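Take a look at the structure below.
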Amino acid sequence: MAVIKRILAVFLAMAVTAGLLCGCGGTTTQNPGPSDETTDSSRADHGNEITVGIAQDLDDSLDPNLMTAAGTREVMFNVFEGLVKPNSDGDYVCAVASDYEKSEDGLTYTFTLRDGVVFHNGQSCTTDDVIYSFETCAATSVTSAVVTALSAITDISAQGNTITITLSAPNPDFISYVSSVYIMPKGYTEQSTAPVGTGPFRFVSRSVQENFILERNEDYYGEAAKLDKVTYKIYEDNNALFTALNSGALDLVAHLTIDQVNNLSNGYNVLEGTMNLVQALYLNNAVEPFDNELVRQALCYAVDVDSMLEFTAEGHGTKLGSSMYPAFGKYFDPALAEAYPYDVEKAKKLLAEAGYENGFSFTITVPSNYQPHVDTAVVLVEQLKAVGIDAQIQQVEWNTWLTEVYGNRNFEATVCGFDASTLNASALLARWVSDNDKNMINYNNALYDETFAQAQSAADESEQTALYKQCLEILSDTAANVYLQDLADFVAVNPELQGFTFYPLYVIDMSCLYFAD
Amino acid sequence: MKKRANIFLVSGGAVSLLMICIIVMGWFWTPYDPTAMDAKAKFSPPSLQHLLGTDNFGRDIFSRVVDGAGTSFVIALCVVAIGCIAGIIIGSLCGYYGGLPDVILTRVCDSITAFPAFLLALVIVSIAGPGTENIIIALGILFIPSFARIVRSEFARCRELNYIKSAKIMGAGGFRIMFRHILPNTLPVLLSAVSIGFNNAVLSEASMSFLGIGIQPPYASLGSMLSDSQSFLYSAPWYALGTGGAIVLLILGFSLLGEGLHLKR
Amino acid sequence: MKYIVKKICTLIITLFIVSLLAFLAFQIIPGDPTTELLGTEATEEARQALRQELGLDRPVLVRYWDWLSGFVMGDMGESYNYRMPVSEMLADKLPVTALLTLLSFIFTIVLSIPLGIWAGSTRSRAVDLGVTVLDQVIMSVPPFFVGMLACYLLGNVLKLFVPGDFVSYTVSWSKCLGYMILPALAIAIPRIAMTVKLLRSSIHSQLEQDYVRTSRSRGSSRGKILRRHVLKNAMIPVISFLAVSAAEIMTGSIIIEQVFTIPGVSRLLLASISNRDFPVVQAIVVVMAAWIVIVNFAADLLYQLADPRIRRL
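Protein chains in written order, with this note's numbering: chain A, 743 to 1259; chain B, 51 to 315; chain C, 10 to 322.
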């Protein structure tokens, strides 16, 4: 195998060189000499700065309340902070606040503003800025869950260096929403192009479709970041990204595929985490035949998730079984992943029971900008053939998907992944309540609605956890969707670069990275 | 010249015949089911079992190439035919008669060239819906201007030539002059435009299929296979080479044949 | 003078048509700028508020008029996504694409014309056959295939360049130019093959013309006839093809920009269409259309210079 690969590589080299030479017609064109940033030189003298390759442009507004793209949030996590911020264990630690207290009844939160917090523009952070940030976020945030949670605030006031927030009803998840309110300076109007926050890194510049540069915040109140500078290089072609990585020009690239990892030859450290996504074949529960629970269950039995993982990631990735991924250790129940073992006969029986003994055909609409979902759909189509179901793939561009599938719910089935915008279960579960405007699949289950409502109002955390777990079971029992996997996430890191940490959110924390001496 | 023509005719004819035989065979039979997956055979290098190896799903690349060549061939042929025929009609009328229609049609052609292909394809998907036929319409329209422009300039030049003028004096009709006398002059240009156009059509089909028009996975087309293979250049170089090679052979055969026919005339 | 005025009029009309069509296209396709900007988590109210902020709630023609009057006054508007002036973005990206186009155009001309003339006028059967076969083969190879193999080989096997190591012209012209050479060649190679083929067959058909025989019988040398008459006539179809090329290289270099990670206009256009960021799309489409019209205009002029009998336009 290896020999053949090498022979082919040589053949490729000859073919192309021949082509190029002929094209040149023998004239001498000056080749650009070997780049200045070749492997060894860049490795040897890193200058305490790193270059990160990313596969999509940061083409959002950079205003913390207006940015939506996962890729933008992933980067801006290093620039902005809330009063509290999530750590890699999924807990909340104090950030701009130095301490906080929750009243017995869960209605009042008192935050103490940390001394000496300075914005990247040199302004120091005051309670005015905090209140301004909460108000702006409540008014403009594009994350509706945050807006809803903040709308329960009846009063927010400052006294000395403490901020008191009063709620109309207790909300055990409230602190996770507080972490989503990024603190920004009052009266600063250029957040969307030149963001200013309090994080360990400050924004330096953005070049459209070229790069995005962050520098260490020297005035950071906590332990300062170790790296001086982080340059994100934007590649919109996966192959170019990989070639650059393989040539040693990049220090860190996340979200690689297993195949790219297998072919990486340059001595990178490869770390494996998960993407923190609930990938599933989402079924529109309002259209025939998916309005029939038996059909949905049949589909669950007909899909072999283990073999799917084998095809798409050589077995890497985690089986889910319901709308929760393992990073939420508290709620995730691995038993649900085994609720529907692969069983063609049972699937056929259920289909016959539902009146579809000859199978049926349907269309899977897939957003085409995300290859893993397309690949998953391809495997699904092949697996469903065994039970006589004829599925067709229809790729659509992302914006069309958002409008037609997500917005207008005009689809039969789709493969996509949902992530959690805040670190709490309701970020994943609220959408399946029957009258939620994001209930893309038109899931309608009275028991679920009731259980979820109870969980929301539960004052006790363990009771709430139990109720959320019950919600997950209902989703699994009624086969709301064909739940698949949380995809494996591979990160290649320069071996001299230490401290990479996976988060239960879609973020990469640059402040914990450092070069080993 | 005659001998040269024969070399091209024979070699081009042989390659084309081979490709056509393979395509026709693909309509009835392929060694494996082109969409059948095999987890154990992922990325098998070329062997006797799998002539061109297998891809990331363990699917037989040869079967997929055979199957995809047929699809790509039909699509590309239709697209080039639409572009070429409409281009000849528009270009010849504009070039030969000139005047206001020329001005208008040239403006339209310029507008199409300037109009982003991606946007046009999106418009066609939203009007006509997804489907394989629509890719032919979308690409066909896009291919008209380059043909029209080439034909137009040839006609504009030729109509001033002496022999055309004398044909006119002798009373030959406009159409007779245009198609008997001038059109053959444009053939060398047209032939190379056709082979490049064919190439572009195969690839454009793939670049549009992610909008939902054109071939959808798991079904294969040469263009979509080539763009998929890009991700596996390292683990399965045979994927790219097999597919790219098939495209080259398909186009090379016909362009050699065209060259031979042109020389023979 | 009258002629130039007439040309400018057609330019303006074309730009008007293209920009109107592009604008209308956004009314037909699904999604509007707010879909992408707000993603999956926003409320309907937030969406309506944003639509109002961006002025999307007004009728189409009013918006077009707004854009048009702004554009005429030199204001291209602001990108919905990046929230920065479109003129600034274009000023950043356009030189990159222009440089790439220019470079590959220069390669095409410098390499193909001598080669074509040599192939067309040589008496050596072998050379002629070799050039023809090579031409056919190069024309049969998909440019995407060439780009992808070139990136793999030059970037990975030979390590001649690092994709994405692009240096902006604002930092260093020479480094920018150096990075552009390979992509420019990748664009130029199929064009070179086509031009050589065209020029060669054009020379051949000229050599068969009566005037060549007449001059020969009058005792002129073959070389002299070639230089004096044949080449000039043979260039005419080539000029037209080169004009088409110049237009197509500029508008169609997306694959190369992507494979070689060059931050040019085509990539920006593609992303902006996906994002429904139409102030950016409008501006790029207008620039492209203007370029195409101007190139064709230049070709027409060259035509007339080469063959004074063509009096039209």
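For every residue, glycine included, the Cβ atom is placed at its ideal position computed from N, Cα and C.
Keep in mind the model is a prediction, meaning the values are calculated, not measured.
Where residue i falls, given that 16 or more other Cβ within 10 Å makes a residue buried
i	result
residue 232 of chain C	exposed
residue 1164 of chain A	buried
residue 853 of chain A	buried
residue 227 of chain C	exposed
residue 245 of chain B	buried
residue 1059 of chain A	buried
residue 328 of chain B	Shown here, chain B extends from 51 to 315; a query on residue 328 of chain B therefore has no answer.
residue 229 of chain B	exposed
residue 89 of chain C	buried
residue 1250 of chain A	buried
residue 1227 of chain A	buried
residue 67 of chain C	exposed
residue 178 of chain B	exposed
residue 896 of chain A	exposed
residue 212 of chain B	exposed
residue 182 of chain C	exposed
residue 78 of chain B	exposed
is_contact[residue i, chain B] using C-beta, thresh 8 Å
i	result
residue 796 of chain A	no
residue 145 of chain C	yes
residue 258 of chain C	no
residue 823 of chain A	no
residue 1053 of chain A	yes
Three-way DSSP call (helix, strand, coil) for residue i in this model
i	result
residue 866 of chain A	strand
residue 210 of chain B	coil
residue 305 of chain B	helix
residue 1058 of chain A	coil
residue 975 of chain A	strand
residue 1228 of chain A	strand
residue 203 of chain B	helix
residue 755 of chain A	The predicted position of residue 755 of chain A is uncertain, since its pLDDT is 45 and thus under 50; a value taken from the coordinates is nonetheless stated next. Note: residue 755 of chain A maps to helix in three-state DSSP.
residue 282 of chain B	helix
residue 105 of chain C	helix
residue 1181 of chain A	coil
residue 896 of chain A	strand
Limits of the beta strand (DSSP E) - the one that residue i falls within
i	result
residue 1138 of chain A	1132-1138
residue 905 of chain A	904-909
residue 795 of chain A	791-796
residue 249 of chain B	Unbroken run through residue 249 of chain B is the alpha helix (DSSP H), 233-258; no beta strand (DSSP E).
residue 850 of chain A	850-855
residue 828 of chain A	826-828
C-beta neighbour in chain C for residue i, strict 8 Å
i	result
residue 177 of chain B	yes
residue 988 of chain A	yes
residue 56 of chain B	no
residue 981 of chain A	yes
Within-8 Å CB hit, residue i to chain A
i	result
residue 184 of chain B	no
residue 137 of chain B	no
residue 104 of chain B	no
Contact belief for residue i with residue j at Cβ below 8 Å, rounded distance in angstroms
i	j	result
residue 959 of chain A	residue 944 of chain A	5 Å
residue 128 of chain B	residue 186 of chain B	5 Å
residue 145 of chain B	residue 205 of chain B	3 Å
residue 981 of chain A	residue 185 of chain C	Not really, about 22 Å apart at Cβ, beyond 8 Å.
residue 255 of chain B	residue 125 of chain B	5 Å
residue 1198 of chain A	residue 1218 of chain A	The Cβ separation is near 20 Å, so there is no contact.
Range covered by the alpha helix (DSSP H) that runs through residue i
i	result
residue 213 of chain C	182-216
residue 1121 of chain A	1113-1126
residue 6 of chain B	There is simply no residue 6 of chain B to check, as chain B begins at 51 and stops at 315 in what is shown.
residue 156 of chain C	152-161
residue 397 of chain C	A question about residue 397 of chain C goes unanswered here, because the residues of chain C that appear run from 10 up to 322.
residue 170 of chain B	167-178
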